[in-house]
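Colleague: Just passing along the structure, written as structure tokens.
In the UniProt record's numbering, the protein residues as written are 1 to 449.
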């Protein structure tokens, strides 16, 4: 038997992981290879096609950062001017933070603003202008620039800044300043815009084990800057191709120097990656530098990873809440089989019982309450997940995760993955116990233990 094809592997992984539908694209200097699998909806049974639209979630942040850097190049904004000088309705509970936070902080997740405020202010053009002052009720988790903590709210503020500086709604600015330049004809924000095209429905696995359609997949307009784009696999590859210098454009949205700057490390990114640029996570697998971003919305998981030196991009779109596992397994196979890049498993270190015990406790952030318990050779992480983007107000207990130590306060979860899957504990000053656990990229504050 010959070697399995990309299609063979996609079909095997999706079948094993219960993913109803997937679109995968591989972009190199030689061209594009696209594979689709399964159905857009388990109810309609319509097949996933090259032109099926998926939610790409937080990959939207890289699109926004591209437009923000375009405005920097045009002299309409600066990276280090306080945002409040241009967005007077921007309010925070901490007045000093309000006067300090810059576009640089917003684009690198270092503002310290409570990061998962998904308040809905309707679908009018004033949604972001109404959302931004509501952050006066948001907690300031840390001083601007002090730590790294994933912050959706900050990108909504950046979206409002784009509106003010362009005199357009955020969605119009993105369409005219980015989509049009790159020829992205199947990238949208509003549900009404996707209805004339094939689109996927998000899915989840119910308590009885059946895969069901997620009904509330329309996102609040206030979330559009942080994660609102619907796109086809072709459009996502085109966007990645621009950032690899593979598109021939007469009027590119950003200079080569601007593209390069976005991919340069700006800050250490905690447990998320080695570093964070402007919109891009940056890390290495062995000697290979990677940049990328994922997306997670109600019933959708997406990821795009670029190998800048090799001028390669891998884009993956799925329509199931657990699609990230399938994506990770597929990326691992592609890197190994197509490019000879093996994903190493981080080495374990020995951490004493007393050190493990001081990390134990209960930690909270708006989306979850996590409890850490000592275990033989590591820690157990138990998570109660709260309402996020879903309008359903409920809590659910996630399966416990074993945390394997790879440093005194850094742990890894599960098998080796292309994207690091780590949890770390953050100390303040001379404290013997951590003040926070950083999980899913967010700083969760110790509340018990």
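All residues carry an ideal CB built from backbone N, CA and C; glycine is no exception.
Less than 8 Å between C-beta atoms, sequence neighbours within five positions excluded: which residues of the same chain meet that for residue 81?
Modeller: These residues qualify, in order along the chain: 102, 103.
Colleague: Please report the distance separating the alpha-carbon of residue 58 from that of residue 34.
Modeller: Cα to Cα, the separation comes out at about 22 Å.
Colleague: Assuming residue 112 contacts residue 97 (C-beta within less than 8 Å), just tell me the rounded distance between them.
Modeller: Contact holds; Cβ gap of about 6 Å.
Colleague: Does residue 320 come out as helix, strand or coil in the three-state DSSP assignment?
Modeller: Residue 320 falls in the coil class under three-state DSSP.
Colleague: Smallest Cα separation from residue 225: which of 190, 243, 262, 244?
Modeller: Comparing Cα-Cα distances from residue 225 to each of 190, 243, 262, 244, the minimum goes to 190.
Colleague: For residue 162 and residue 63, what's the separation of their Cα atoms in angstroms?
Modeller: Cα-Cα distance, rounded: 12 Å.
Colleague: Is it buried or exposed, residue 328, if we count other Cβ atoms within 10 angstroms and call 16 or more buried?
Modeller: Under this definition residue 328 is a buried residue.
Colleague: Applying the 10 Å Cβ sphere with the 16-neighbour rule, what's the burial state of residue 61?
Modeller: When all chains shown are included, residue 61 counts as buried.
Colleague: Using 7 Å as the cut-off, classify the Cβ of residue 448 as near or not near the heavy atoms of the ligand ATP, replying yes or no.
Modeller: In terms of ligand content, the structure shown is empty, and the ligand ATP therefore cannot be addressed.
Colleague: Residue 317 and residue 40 - do their beta-carbons sit closer together than 8 Å?
Modeller: Contact flag unset, no.
Colleague: Considering only residues of the same chain and omitting the five flanking positions on each side of residue 77, which have a CB-CB separation below 8 Å?
Modeller: So the qualifying residues of the chain are 68, 71, 86, 103, 161, 165.
Colleague: Using the rule of at least 16 other Cβ atoms within 10 Å of the residue's Cβ for burial, across every protein chain shown, is residue 154 buried or exposed?
Modeller: It counts as buried.
Colleague: Pick out the complete beta strand (DSSP E) segments inside the stretch 1 to 48, 3 residues or longer, and give them in chain order.
Modeller: Fully enclosed beta strand (DSSP E) runs of 3 or longer: 21 to 28, 31 to 38.
Colleague: Identify whether residue 54 lies in helix, strand or coil by the three-state DSSP scheme.
Modeller: Correct three-state label for residue 54: strand.
Colleague: In terms of residue numbering, what span does the alpha helix (DSSP H) encompassing residue 456 cover?
Modeller: In the structure as shown, the chain begins at 1 and stops at 449. Residue 456 is therefore absent and cannot be evaluated.
Colleague: Going by beta carbon distance, what residues of the same chain come within less than 8 Å of residue 129, once the five residues before and after it are set aside?
Modeller: Result list for residue 129: 89, 160, 163, in chain order.
Colleague: Can you find at least 3 beta carbon pairs, one from the stretch 427 to 444 and one from the stretch 134 to 150, that sit closer than 8 Å?
Modeller: Yes, the stretch 427 to 444 touches the stretch 134 to 150.
Colleague: Consult DSSP for residue 188 and reduce its assignment to one of helix, strand or coil.
Modeller: Correct three-state label for residue 188: strand.
Colleague: Should residue 133 and residue 110 be called a contact, given that it needs their Cβ atoms to be closer than 8 Å?
Modeller: Cβ distance not < 8 Å, so residue 133 and residue 110 don't count as in contact.
Colleague: Between the Cα of residue 334 and the Cα atoms of 349, 314, 353, which residue gives the shortest distance?
Modeller: Among 349, 314, 353, the Cα nearest to that of residue 334 is on 314.
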